[in-house]
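Chemist: Below is a structure I'd like to ask you about.
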Amino acid sequence: MAKEIILKNVSKQFTTKSLGTVTAVENFNLEIEEGECFAFLGPSGCGKTTTLRMIAGFEDLSDGEISLSGRVVSSKEKHLYIPPEERKLGMVFQAFAVWPHMNVFENVAFPLRVQKRPQAEINERVKEALKHTGLDGSANEYPSNLSGGQQQRIALARAIVTNPKIMLLDEPLSNLDPQLRESMRFEIKALQKKFNFTIIFVTHDQAEAMALSDRMLVMDMGKVEQIGTPTELYNKPINRFVHSFLGESSFIKVNVAGNDLNVEGDRQLLHLPIDPLMLKKGQSKGHLLLATRPNTIALLSPEQGDAVSGCLHGTIEQRIFLTNFTEYIVKVGTEKLKVQTPHRIEFMPGDCCCLDLPQAMWYEDDDQQEAIRNQRQII
1 MAKEIILKNV
11 SKQFTTKSLG
21 TVTAVENFNL
31 EIEEGECFAF
41 LGPSGCGKTT
51 TLRMIAGFED
61 LSDGEISLSG
71 RVVSSKEKHL
81 YIPPEERKLG
91 MVFQAFAVWP
101 HMNVFENVAF
111 PLRVQKRPQA
121 EINERVKEAL
131 KHTGLDGSAN
141 EYPSNLSGGQ
151 QQRIALARAI
161 VTNPKIMLLD
171 EPLSNLDPQL
181 RESMRFEIKA
191 LQKKFNFTII
201 FVTHDQAEAM
211 ALSDRMLVMD
221 MGKVEQIGTP
231 TELYNKPINR
241 FVHSFLGESS
251 FIKVNVAGND
261 LNVEGDRQLL
271 HLPIDPLMLK
281 KGQSKGHLLL
291 ATRPNTIALL
301 SPEQGDAVSG
311 CLHGTIEQRI
321 FLTNFTEYIV
331 KVGTEKLKVQ
341 TPHRIEFMPG
351 DCCCLDLPQA
361 MWYEDDDQQE
371 AIRNQRQII
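If you want it as structure tokens, here you go:
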């Protein structure tokens, strides 16, 4: 398959009053294939929207090169910059960005009028775009008379009316209610299948990213942490940050003494397999971080736990009844673990319990990174 979007060593620096020069995106490399739906996922300030704006041409890059559909559109070394209107992109943003003084037809027709297309072509293409976004019959309505979902459909229709090869979507569903957001995901995928455009979808919502994307990346502090399919990133996260950002996580700080592992503040030994290389890192630093998913931990009574080798004894600190499961906070030593169970499993605060941990993932602790991450929220 042809490479539709290529970023080579792309970087972007900003100058801020409080932090001085900040690198928003650092040495970003990525190749996206034709017809692929690719999601950028990460917290506020990680650089995902800045990267999208550089691809669109709204921000010039500080270093590197961007190619779209086989054409270089931005290059610092070549002193090349192609403006947004010449990059042949469709774009949909978080704010619906529809013009209130124009009816639906004129909103969708606007990019074709800028291109000075014949009226007959405009009529036909707008009619098709409205049909494929469920707006046929609303051509003469004004945005103020329509719901948020319908206004977002106007933005989608306006994006596809020019038959773009690449669609850039920046948090397009975040202003919609949860039920409408879910239905719009299916509509976006249906539009992609119909028109075969390549999508970059920027979001901080992991459910959207995993539902829509063929592949995705997780960004943190301007850098790409991991690229892969949603299944690969969820099941094999490369570090603590990716693990915590994709799905619910429980982390336990574990002391390492020789080949013995025990929970911080507790003398119970952990009987879990661990990679020798990771064990060596833990021995040099004194501790490691064990990562699990709360819904994979078995919550047992002390009697049940005694019959299972390697269970950890703890105390229920909190019980929260949620829609699909019951969530418990369990204290083991000085650590607190989140555990999610079916409603039929009932414990009360103060009860003793046992935790049967599944095969876990192990990471080096990176608490100091959190302070830096919080500073970047302004970017």
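Under the UniProt record's numbering, the first residue of the sequence shown is numbered 1, with each subsequent residue one higher.
Note that the Cβ used here is the ideal one computed from N, Cα and C, for glycine as well.
Being a predicted model, the structure only gives us computed values, none of them experimental.
So residue 65 is in the beta strand (DSSP E); what residue range does that whole segment cover?
Modeler: Taking the first residue of the sequence shown as position 1, residue 65 is located at position 65. Element bounds for residue 65: 63 to 68.
Chemist: Beta strand (DSSP E) containing residue 255: first to last residue?
Modeler: Mapped onto the sequence shown, residue 255 falls at position 255. Its beta strand (DSSP E) spans residues 250 to 257.
Chemist: What does the Cβ neighbour count give for residue 378, buried or exposed, with the cut at 16 atoms within 10 Å?
Modeler: One-based indexing of the sequence shown puts residue 378 at position 378. Reliability fails at residue 378, whose pLDDT of 47 lies under 50, so the model's placement of it is uncertain and the value that follows must be treated cautiously. Exposed, by the Cβ-count rule.
Chemist: Compare the C-beta of residue 343 against all C-beta atoms of chain C and say whether one is closer than 7 Å.
Modeler: Note that chain C does not occur in the displayed structure, where there is just one protein chain.
Chemist: Examine the Cβ distances between the stretch 180 to 200 and the stretch 20 to 37 and report whether three or more of them are shorter than 8 Å.
Modeler: Counting Cβ pairs under 8 Å, three or more are found: they touch.
Chemist: Spatial neighbours of residue 259 within its chain, please: CB distance less than 8 Å, with the 5 preceding and 5 following residues excluded, ordered by chain position.
Modeler: As a working note, residue 259 is residue 259 in the sequence shown. Hits under 8 Å: 279.
Chemist: I'd like the span of the alpha helix (DSSP H) that includes residue 179, first residue to last.
Modeler: As a first step, residue 179 is located in the sequence shown; it is residue number 179 there, counting from the start. Unbroken alpha helix (DSSP H) run through residue 179: 178 to 195.
Chemist: Check whether the Cβ atoms of residue 222 and residue 23 sit closer than 7 Å, and answer yes or no.
Modeler: As a first step, residue 222 must be located in the sequence shown, where it is residue number 222. As a first step, residue 23 must be located in the sequence shown, where it is residue number 23. For residue 222 and residue 23, yes; Cβs fall inside 7 Å.
Chemist: Below 6 Å CB to CB, which residues in the same chain sit around residue 30 once its five sequence neighbours on both sides are set aside?
Modeler: If you number the sequence shown from 1, residue 30 lands on position 30. Only 7 meet the Cβ criterion.
Chemist: By Cβ distance below 8 Å, which residues in the same chain neighbour residue 345 in space, the five residues on each side in sequence not counted?
Modeler: Numbered from 1 along the sequence shown, position 345 holds the residue referred to as residue 345. So the qualifying residues of the chain are 299, 326.
Chemist: Distance, Cα to Cα, residue 172 vs residue 150?
Modeler: Looking up residue 172 in the sequence shown gives position 172. Looking up residue 150 in the sequence shown gives position 150. Straight-line Cα distance between these residues: approximately 13 Å.
Chemist: DSSP three-state call for residue 313: helix, strand or coil?
Modeler: Counting from one through the sequence shown, the residue named residue 313 turns up at place 313. Reduced to three states, the DSSP call for residue 313 is strand.
Chemist: Kindly indicate which three-state DSSP category residue 334 falls into: helix, strand or coil?
Modeler: By 1-based counting over the sequence shown, the position of residue 334 is 334. Reduced to three states, the DSSP call for residue 334 is coil.
Chemist: Figure out for me which residue from 86, 64, 91, 84 has the closest Cα to the Cα of residue 78.
Modeler: Start at 1 with the first residue of the sequence shown, and residue 78 comes out as number 78. It is 64.
Chemist: Pick out whichever of 44, 113, 80 has its Cα sitting closest to the Cα of residue 57.
Modeler: On the sequence shown, position 57 is the one that residue 57 refers to. Of the candidates 44, 113, 80, the one whose C-alpha sits nearest the C-alpha of residue 57 is 80.
Chemist: Got a sec? Which residues, its chain only, sit under 6 Å from residue 267 by beta carbon, not counting five neighbours each side?
Modeler: Within the sequence shown, the letter at position 267 stands for residue 267. So no residue of the chain qualifies.
Chemist: What's the C-alpha gap between residue 305 and residue 256?
Modeler: By 1-based counting over the sequence shown, the position of residue 305 is 305. By 1-based counting over the sequence shown, the position of residue 256 is 256. Those two C-alpha atoms are separated by around 24 Å.
Chemist: Give the straight-line distance between the Cα atoms of residue 349 and residue 249, rounded to the nearest whole angstrom.
Modeler: Working through the sequence shown from its first residue, we reach residue 349 at position 349. Working through the sequence shown from its first residue, we reach residue 249 at position 249. Going by the C-alpha atoms only, they are around 21 Å apart.
Chemist: Quick test of the definition: if touching needs 3 or more C-beta pairs under 8 Å, does the stretch 175 to 183 touch the stretch 112 to 128?
Modeler: No contact exists between the stretch 175 to 183 and the stretch 112 to 128.
Chemist: Along the chain, where does the alpha helix (DSSP H) that runs through residue 287 open and close?
Modeler: What you label residue 287 is simply residue 287 of the sequence shown in a count that begins at 1. Not the alpha helix (DSSP H): residue 287 falls in the beta strand (DSSP E), residues 287 to 292.
Chemist: So residue 42 packs on residue 220, CB below 8 Å; how close in whole Å?
Modeler: Along the sequence shown, read from residue 1 onward, the residue named residue 42 stands at position 42. Along the sequence shown, read from residue 1 onward, the residue named residue 220 stands at position 220. Contact flag correct, Cβ pair sits at about 6 Å.
Chemist: Measuring CA to CA, which of 136, 288, 93, 158 is closest to residue 109?
Modeler: Here residue 109 corresponds to residue number 109 of the sequence shown, with the count starting at 1. Cα-wise, what sits closest to residue 109 is 158.
Chemist: Which residue wins for smallest C-alpha separation from residue 86, given the options 100, 101, 342, 68?
Modeler: Walking along the sequence shown from the start, residue 86 turns up at place 86. Nearest C-alpha to residue 86: 68.
Chemist: State whether the stretch 349 to 360 contacts the stretch 310 to 321, with contact taken as three or more CB pairs (one from each stretch) at a distance under 8 Å.
Modeler: They touch, by the three-pair rule.
Chemist: Considering only C-alpha positions, which residue in the set 253, 363, 328 is nearest to residue 335?
Modeler: Position 335 of the sequence shown holds residue 335. Residue 335 has its Cα closest to that of 253, out of 253, 363, 328.
Chemist: Taking 7 Å as the limit between beta carbons, can you name the residues of its chain near residue 129, skipping five residues before and five after?
Modeler: Your numbering for residue 129 matches position 129 in the sequence shown. Closer than 7 Å at Cβ, skipping near neighbours: 108, 157, 160, 161.
Chemist: For the ligand MG, any of its heavy atoms closer than 6 Å to the Cβ of residue 351?
Modeler: For the structure depicted, the ligand MG is absent and the ligand set is empty, with no information on it obtainable.
Chemist: On the DSSP bridge list, what partners appear for residue 223?
Modeler: For this step, residue 223 is matched to residue 223 along the sequence shown. Paired residue(s): 220.
Chemist: Among 340, 357, 191, 216, which one has its Cα closest to the Cα of residue 271?
Modeler: Taking the sequence shown and counting its residues from 1, one reaches residue 271 at position 271. Minimum Cα distance to residue 271 is reached at 357.
Chemist: Does the separation of the CB atoms of residue 218 and residue 251 fall below 7 Å?
Modeler: Along the sequence shown, one-based indexing puts residue 218 at 218. Along the sequence shown, one-based indexing puts residue 251 at 251. The answer is no: Cβ separation not under 7 Å.
Chemist: Excluding the five sequence neighbours on either side, which residues of its own chain have a C-beta within less than 6 Å of the C-beta of residue 75, listed in chain order?
Modeler: By one-based count along the sequence shown, residue 75 stands at place 75. The answer, listed in chain order, is 65.
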